[in-house]
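Numbering (this note's numbering), first residue to last: 1347 to 1779. Notes follow once the structure below has been shown.
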Amino acid sequence: MRILVIGSGGREHALVWKLRQSPSVTEVLVAPGNGGTAAEGARNVPVAANDCAALVELARKEHIDLVVPGPELPLTLGITDRMREAGIACFGPDAYCARLEGSKAFAKDIMRRAGVPTAACEVFTDADKALAHVRAKGAPLVIKADGLAAGKGVVVAHSTEEAVEAVEEIMRRRAFGAAGDQVVIEDCLVGEEASFLCFCDGTTAIPLPSAQDHKAVFDGDKGPNTGGMGAYSPAPVLPDSEAERLADLVARPILRELARDGHPFVGILYAGLMMTADGPRVLEYNVRFGDPECQPLLMRLEGDLPAVMLACVNGRLDPAMLTYSPRTALGVVVAAKGYPGSYPKGMPIEGLAEADALPGVKVFHSGTAFNDGRILAAGGRVLCVTALGDTLAAAKTAAYAALEKIHMPDSQYRKDIGQKGINRLTETGGARS
Ligand code: AMP
Ligand code: GLY
């Protein structure tokens, strides 16, 4: 089987690494890939992840059997529809279903139709009406630009002034362009967040083990939000014993609604959850693997990933295809100093082979490039150093021990990835999920 992976992050490196382990795979191409995907034995091809026409052309020319889009942008642009028209299997939802991530108002509407628990909200296309609503309701409120805004379109406003400022920024100053033509204003929820992903074949949704991301840039969840500074699986806040019940609550009703609309959902449905005192609430849907959640999740996956993905495309997903290591996997993101603001590039990275050689450790590359035989930093998030351990604490120790081997000037990483889970396990007497 010949596979084309689309994207250039740590998630895509992990996908390449896992897909290549299948005996049925002969070659993996990545558009455009990174230093890690090249070192993994995949062929990087300089085609941008959002250039659907060029991606279809590449898939045709290279006789690709399965396309695996990593990020949301090609999905919202309709890459699955274009590949389907060309007769090429693509593991991802069509453009209609991808609006679950591409439009927060669309996601809220489907959640309402499907009866999925989520924060109460109102949707506005008129800035004056949005501002009047904010002033009448008062803080705390969450203001969300409707469209894709590179993870920056959500403001959790603790004062009414902040909420007013967010509406002004999104709707009047158009900080995110057309993505802010509509805003969703919703109630602020309190609790611990968790990532809940399912493999979907249009009608069947099979949960992956739970995971938890760390969105804030600094220790203790301080500082601005990033794409994610580290993740681990399983997350004690969402025990495996809850997975089927959660799939019934937040995934299967959505699949039913989309199928009824004539668009069965194929691919990964990712629910970002807030575990509140009143039960789980959906904060958002993503229509792809999370980055960095993908890295620890794929470290634990024991099945044949390309076979699972093809089964999803063909509507034949079977739970028996999916087995996972009972161990915990934990990944720590190494970022360039200054990220998520402006940051330097081009720093040399040393010690990657030494870290990778440690037992149970895999270093996934996010923003790296090969240059004259050296690996250089080429993005905000640069690496995701991931390790398996028999417990969450052991996985954390192993990942940070691997980090000690790696040297990169002008870098930063959080020191407390996994700590919330460890604290929870300590409080509950060490029960493992
Ligand atoms: P989203 O892109 O919708 O997941 O929002 C990004 C982040 O904003 C989430 O990971 C939460 O930390 C926060 N957030 C979103 N919606 C809410 C809400 N209703 N209440 C509290 N925090 C929220
Ligand atoms: N890690 C969160 C995301 O991929 O959206």
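C-beta: ideal position from N, C-alpha, C; glycine also. Because the structure is a prediction, the values reported are computed rather than measured.
I need the boundaries of the alpha helix (DSSP H) containing residue i, first residue and last residue.
i: Leu-1651; result: 1651-1659
i: Arg-1792; result: The structure shown does not extend to residue 1792, since the chain is modelled only from 1347 to 1779, so the question has no answer here.
i: Leu-1401; result: 1398-1407
i: Arg-1662; result: No alpha helix (DSSP H) holds Arg-1662; DSSP gives it neither H nor E.
i: Ala-1551; result: First-last for Ala-1551: 1551-1553, but that is the beta strand (DSSP E), not the alpha helix (DSSP H).
Specify the secondary structure class of residue i as computed by DSSP and reduced to three states.
i: Tyr-1631; result: strand
i: Ser-1587; result: helix
i: Pro-1420; result: helix
i: Ile-1531; result: strand
i: Leu-1309; result: The structure shown does not extend to residue 1309, since the chain is modelled only from 1347 to 1779, so the question has no answer here.
i: Ile-1752; result: coil
i: Gly-1625; result: strand
i: Ser-1779; result: Since pLDDT at Ser-1779 reaches only 46, below the 50 mark, its modelled position is unreliable, and the value read off the structure follows with that caveat. Correct three-state label for Ser-1779: coil.
i: Leu-1494; result: coil
i: Asp-1437; result: One detail in the question is off: residue 1437 reads as Phe in this sequence, not Asp. Looking at Phe-1437 - three-state DSSP - the assignment turns out to be coil, as it is neither helix nor strand.
i: Thr-1714; result: strand
i: Glu-1773; result: helix
i: Pro-1486; result: coil
i: Pro-1642; result: helix
i: Val-1510; result: helix
i: Val-1413; result: strand
i: Ile-1695; result: coil
i: Ala-1432; result: coil
i: Ala-1703; result: coil
i: Tyr-1442; result: helix
What are the partner residues of residue i, as DSSP defines its beta bridges?
i: Val-1709; result: Val-1731
i: Tyr-1856; result: Residue 1856 lies beyond the residue range present for the chain, which begins at 1347 and ends at 1779; the question has no answer from this structure.
i: Lys-1568; result: Phe-1564
i: Val-1765; result: Sequence inspection shows Gln at residue 1765; the Val mentioned does not correspond to that position. Paired residues: none, contrary to the question.
i: Ser-1757; result: Ala-1682
i: Glu-1358; result: Looking at the DSSP assignment, Glu-1358 forms no beta bridge with any residue, so it has no partner.
i: Val-1480; result: Looking at the DSSP assignment, Val-1480 forms no beta bridge with any residue, so it has no partner.
Once the 5 residues before and after residue i are set aside, which same chain residues still bring their CB inside 6 Å of it?
i: Pro-1610; result: Gly-1548
i: Gly-1764; result: Tyr-1578, Leu-1676, Leu-1738, Lys-1742
i: Ala-1747; result: none
i: Thr-1464; result: Met-1457, Arg-1627, Val-1628
i: Glu-1373; result: Arg-1348
i: Lys-1761; result: Asp-1565
i: Thr-1772; result: none
i: Leu-1651; result: Lys-1364, Leu-1365
Who are the Cβ neighbours of residue i in its own chain at under 8 Å, not counting the five residues just before and after it?
i: Ser-1779; result: The predicted position of Ser-1779 is uncertain, since its pLDDT is 46 and thus under 50; no value can be drawn from it.
i: Leu-1404; result: Leu-1350, Leu-1375, Ala-1377, Val-1391, Val-1393, Ile-1410
What are the boundary residues of the beta strand (DSSP E) that residue i is part of?
i: Gly-1613; result: 1611-1622
i: Thr-1674; result: 1674-1682
i: Cys-1544; result: 1538-1548
i: Arg-1348; result: 1348-1353
i: Phe-1564; result: 1562-1564
i: Ala-1465; result: Per DSSP, Ala-1465 belongs to no beta strand (DSSP E) and is neither H nor E.
i: Arg-1366; result: Careful: Arg-1366 lies outside any beta strand (DSSP E) and carries neither H nor E.
i: Asn-1380; result: Element bounds for Asn-1380: n/a, residue is neither H nor E.
i: Leu-1595; result: Per DSSP, Leu-1595 belongs to no beta strand (DSSP E) and is neither H nor E.
i: Val-1393; result: No beta strand (DSSP E) contains Val-1393, which DSSP labels as neither H nor E.
i: Ala-1723; result: 1720-1723
i: Ala-1503; result: 1500-1503
Tell me, to the nearest whole angstrom, how far the beta carbon of residue i is from that of residue j; I am working on the premise that it is less than 8 Å.
i: Val-1469; j: Ala-1451; result: 5 Å
i: Ala-1596; j: Pro-1626; result: Note that residue 1596 is Val in the sequence shown here, rather than Ala. Sure, about 7 Å apart at Cβ, within 8 Å.
i: Val-1462; j: Val-1510; result: The Cβ separation is near 29 Å, so there is no contact.
i: Met-1620; j: Lys-1708; result: Their Cβ separation, rounded to whole angstroms, is 30 Å, which puts Met-1620 and Lys-1708 out of contact at 8 Å.
i: Gly-1574; j: Gly-1618; result: Between Gly-1618 and Gly-1574 the Cβ distance is about 11 Å, and since that is not below 8 Å, they are no contact.
i: Ala-1723; j: Gly-1735; result: No, Ala-1723 and Gly-1735 are not in contact; Cβ-Cβ is about 27 Å, not under 8 Å.
Against chain C, does residue i count as a neighbour if the rule is that its beta carbon must be under 8 Å from one of theirs?
i: Gly-1424; result: No chain C is present in this structure, which holds just one protein chain.
What residues in its chain sit with their C-beta under 7 Å from that of residue i, if we drop five residues either side in the sequence?
i: Leu-1477; result: Val-1510, Val-1513
i: Gln-1758; result: Ala-1681, Lys-1683
i: Val-1530; result: Lys-1450, Ala-1451, Lys-1454, Cys-1467, Val-1469, Lys-1490, Asp-1492
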